[in-house]
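Undergrad: Just so we're on the same page, my numbering is the position in the sequence shown counted from 1, plus 19.
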Amino acid sequence: MIRSELIQKIADENPHLYQRDVERIVNTVFEEVTDAMARGDRVELRGFGAFSVKKRDARVGRNPRTGETVHVEEKHVPFFKTGKLLRDRLNGKA
């Protein structure tokens with residue numbers, strides 16, 4: 020599902036809301052999650068999962084095409100851990 024499909028589904032299920040308002044709500048939620056992660060905060064959506072940021076240390080890597088070693092700088096990457104409810108649902112337990 021992509022963002023526009025999510026917006027359309029929510030708008031269809033809530034005919035009392037204008038689509039532009041639903042779009043603004045969805046965009047605000049995503050912006051808040053992104054902003055919180057940029058600050059290094061953890062975002063938890065109960066039953067769905069938790070978003071966090073993990074730090075990857077600098078290391079020496081290898082260019083797969085040429086085989087030469089390259090320096091890979093330290094970086095921060097997003098990490099998602101599924102919630103129990105989502106895991107159970109994916110495995111047909113709920």
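From the three backbone atoms N, C-alpha and C, an ideal C-beta is built for every residue, glycine too.
Would you give the residue range spanned by the alpha helix (DSSP H) that K103 belongs to?
TA: Taken as a continuous stretch (DSSP letters only), the alpha helix (DSSP H) holding K103 covers K103 to L109.
Undergrad: Am I right that F99 and G68 are in contact with their C-beta atoms under 8 Å? What's the rounded C-beta distance?
TA: That pair is a contact at about 6 Å.
Undergrad: Would you report the Cα separation of R78 and G66, rounded to the nearest angstrom?
TA: When rounded, the distance between both Cα atoms is 36 Å.
Undergrad: Look up R58 in the DSSP assignment and say whether it is helix, strand or coil.
TA: Looking at R58 - three-state DSSP - the assignment turns out to be coil, as it is neither helix nor strand.
Undergrad: With respect to the alpha helix (DSSP H) encompassing K28, which residues constitute its N-terminal and C-terminal limits?
TA: R22 to E32 is the span of the alpha helix (DSSP H), which, as asked, contains K28.
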